[in-house]
Amino acid sequence: MEQKIAIPVVNGLLSAHFGHCQYFLIADVVDGEIKQITEEVPPPHEPGIIPRWLSSKGVNTVLVGGIGQKAVALFRQFGVTPVIGVPEKDPRELIEDFLSDKLVTGANQCSH
């Protein structure tokens, strides 16, 4: 099974608000193994832009700390599954935790 997992990053850690990250770390995963990791700078933050942009990159899962409900709906519309309430940790560690079903999530860190 192939997956593309994206994580918003700021200062080397998952960004609590995906729309204000410095870049997205995008991992290409095949059969549970990371094959390639790239860093992509997103377009300027405007409503609806980032879900469409990540979808165009082939991303099908996004790990986020906080996200608004409109963005959740847009991600789902574009075939991207948001995993919400992910802690601010090293993105590579988060991907490994996600792939091994050890990722612990909490509350959505966004209230809008």
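Be aware that the sequence shown starts at 75, since it is given in our numbering, and climbs by one per residue. The beta-carbon is built from N, C-alpha and C at its ideal position, and this holds for glycine as well. From a predicted model like this one, the values you see are computed outputs, not experimental measurements.
Using a threshold of 7 Å, state whether the C-beta atoms of Leu99 and Glu162 are closer than that.
Here residue 99 is taken as the residue at index 25 of the sequence shown, counted from 1. Here residue 162 is taken as the residue at index 88 of the sequence shown, counted from 1. Going by C-beta atoms, Leu99 is not nearer than 7 Å to Glu162.
query = So, helix, strand or coil for Ser114, using DSSP?
reply = Taking the first residue of the sequence shown as position 1, residue 114 is located at position 40. Reading the sequence as shown, one finds Glu at residue 114 and not Ser. Three-state result, Glu114: strand.
| task | Determine the direct distance from the alpha carbon of Val136 to that of Gln96, and round the result to whole angstroms. | result | To locate residue 96, count along the sequence shown from 1; it is residue 22. To locate residue 136, count along the sequence shown from 1; it is residue 62. Their Cα atoms are separated by approximately 15 Å.
Requested in this report: May I ask you to report which of helix, strand or coil DSSP gives Val157?
Outcome: Walking along the sequence shown from the start, residue 157 turns up at place 83. Three-state DSSP puts Val157 in a strand.
Within 10 angstroms of its Cβ, does Lys78 collect 16 or more other Cβ (buried), or is it exposed? Locating residue 78 in the sequence shown gives position 4, where the first residue counts as 1. Lys78 is buried by the Cβ-count criterion.
Problem set entry | Check whether Phe152 and Pro125 have beta carbons under 7 Å apart | As a position in the sequence shown, residue 152 is number 78, starting the count at 1. As a position in the sequence shown, residue 125 is number 51, starting the count at 1. Contact: yes.
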